[in-house]
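Worksheet: the structure to be examined is printed underneath.
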Amino acid sequence: MSEQLQTIHRVTCAIRRERNHGAMEQLGNIGLRSVFVESGRCVRRRRRGRPFGLPGFSERLEDSPIDVIHFSVPPELSEPVVQRLASALQINQPGHGTIFTQECRSFFQNPLTAAAPIVDQDDYPPGLLRDLALITCITSISGTGEELARVALELGTGVPVVTLGAGTGLRDRLGLLRITVPAEKEVIRLLVPAWDAEGLMRMLIEKGRLNRPGRGFIYCSPVAAGILDTSLLVGPQQHAATIEQVVAAIDRLEKSTAWRRRFPVLDPDSGFSLQSRSEKITLICQEEFAGKYADVAIAAGAGAATSARLQQISLGDAPGGACERCTFVVRSAQSKDILNALTTAQDDIGVTLESLDVEPVDFSFSYRAEASRFFRRGGAQSS
Numbered sequence: 004m005s006e007q008l009q010t011i012h013r014v015t016c017a018i019r020r021e022r023n024h025g026a027m028e029q030l031g032n033i034g035l036r037s038v039f040v041e042s043g044r045c046v047r048r049r050r051r052g053r054p055f056g057l058p059g060f061s062e063r064l065e066d067s068p069i070d071v072i073h074f075s076v077p078p079e080l081s082e083p084v085v086q087r088l089a090s091a092l093q094i095n096q097p098g099h100g101t102i103f104t105q106e107c108r109s110f111f112q113n114p115l116t117a118a119a120p121i122v123d124q125d126d127y128p129p130g131l132l133r134d135l136a137l138i139t140c141i142t143s144i145s146g147t148g149e150e151l152a153r154v155a156l157e158l159g160t161g162v163p164v165v166t167l168g169a170g171t172g173l174r175d176r177l178g179l180l181r182i183t184v185p186a187e188k189e190v191i192r193l194l195v196p197a198w199d200a201e202g203l204m205r206m207l208i209e210k211g212r213l214n215r216p217g218r219g220f221i222y223c224s225p226v227a228a229g230i231l232d233t234s235l236l237v238g239p240q241q242h243a244a245t246i247e248q249v250v251a252a253i254d255r256l257e258k259s260t261a262w263r264r265r266f267p268v269l270d271p272d273s274g275f276s277l278q279s280r281s282e283k284i285t286l287i288c289q290e291e292f293a294g295k296y297a298d299v300a301i302a303a304g305a306g307a308a309t310s311a312r313l314q315q316i317s318l319g320d321a322p323g324g325a326c327e328r329c330t331f332v333v334r335s336a337q338s339k340d341i342l343n344a345l346t347t348a349q350d351d352i353g354v355t356l357e358s359l360d361v362e363p364v365d366f367s368f369s370y371r372a373e374a375s376r377f378f379r380r381g382g383a384q385s386s
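Just so we're aligned, residue 4 is where the sequence shown starts under the numbering used here, counting upward by one.
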């Protein structure tokens, strides 16, 4: 199976919805045949003056609609593509979006039909960092996503990106108890400094009470390079530059986020342990077929699946249309069997996968990992 896998870089770009057209134009010029787009929202703090002329400010969380664009490119073109897109959309400016790339192994050829123009390094915008990590939390209880977004903003790490999904697997095996675990999920993605990723994960687990049954699942995966959005606060400012602009400027000067490390020492007595040696399998297929592939993966040993709706946008001669993405976080030892089962199932299901990727997971946690003697069927993820 390893001979079939090729190394790719998956690029994820979260931008305001009104900037979608400009992004598609740039991606078409680069040579991409198609991309996948997911609807979501970003969460920031909104500051307002107090009514009746009272001194001080009040703050609340504010959502903004965004599009999350996914596509893959060869590793050697990853940074030029990211830099060109970041330059065109001014993503290096706080508040203009987030972009990052992750190394994966894929069964499918890249949809890049032409080499991205390589421009002089001096023309690239500053801000591309190589010491980032992606924390992803899949919540099962209504309101937990908002709570985790608030914690992330209070910590000042970056702007949370929230999308919707649906879970299956463990929930389907609980019988009547399944009514206590909703199928609808909120998926919160947070691009953070890699130095603090484990400490931030532990804090999110505690604040979001993810160490209780049925609350959700969280994992951290490596990022090859990216630009994070540090515009956490919108509203009146009292200084010539916002603190977010100052942080972004220091990141560029240092070319690293190590200077703002917060968790130099981790508490070993936190009451829970993080799992390691896991991998994330991601497949994309035509709409209404993700459930069949999820059943195949679960039968092969995956514990649960999270699915989401995507729109495939054609930028050339590739077909577009509605798609579904299905993800599984499993132990590394199970990955080969599950990937073999998924590729073999294409003939039986009769619908070819649009993509099938696997990537490493540094840390993961779910309550199921602590209580696996009750529900274990070999997977790492709780749904």
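Cβ atoms here follow ideal geometry from the backbone N, Cα and C, with glycine treated the same way.
Residue pairing of H73 in beta bridges, as defined by DSSP: T15, F39. V40 places its beta carbon less than 8 Å from that of I316.
Taking C-beta separations shorter than 6 Å and ignoring five residues to either side along the sequence, the partners of P216 in its chain run Y370, following chain order. For the options I72, I230, N214, K258, the alpha carbon positioned closest to that of G98 is the one of I230. Counting C-beta pairs closer than 8 Å gives three or more between the stretch 76-92 and the stretch 14-34, which meets the contact rule. Secondary structure of I144 (DSSP, three-state): coil. Apart from the 5 residues on each side of it in sequence, V154 sits with its Cβ closer than 8 Å to the Cβ of M206, L207, K210, G211 in its chain, given in chain order. DSSP places T166 in the uninterrupted beta strand (DSSP E) bounded by 164-171. Sequence-distant Cβ neighbours of R280 in its own chain, meaning closer than 7 Å and more than five residues away, are R334, S335.
Contact between T142 and I69 is ruled out by a C-beta separation of about 18 Å, above the 8 Å threshold. Closest option to R255, judged by alpha-carbon separation, among A197, A26, L131: L131. Per DSSP, reduced to three states, the secondary structure at K188 is strand.
Residue environment for L64: exposed (fewer than 16 other C-beta atoms within 10 angstroms of its C-beta). DSSP, read as helix, strand or coil, puts G294 in helix. For the pair E290 and Q86, the Cα-to-Cα distance works out to about 32 Å. M204 is a Cβ neighbour of L277, given a cutoff of 8 Å. In the structure shown, the three-state DSSP call for D66 is strand. Sorting T147, E149, V164 by C-alpha distance to the C-alpha of I138 places V164 at the top. According to DSSP, P196 shares a beta bridge with L135. For the options T330, A197, D340, G319, the alpha carbon positioned closest to that of R263 is the one of A197.
Less than 8 Å divides the Cβ of F103 from the Cβ of L194. In this structure, the CA atom of C329 is about 27 Å from the CA atom of I33. Judged by DSSP in its simplified three-state form, K258 adopts coil rather than helix or strand.
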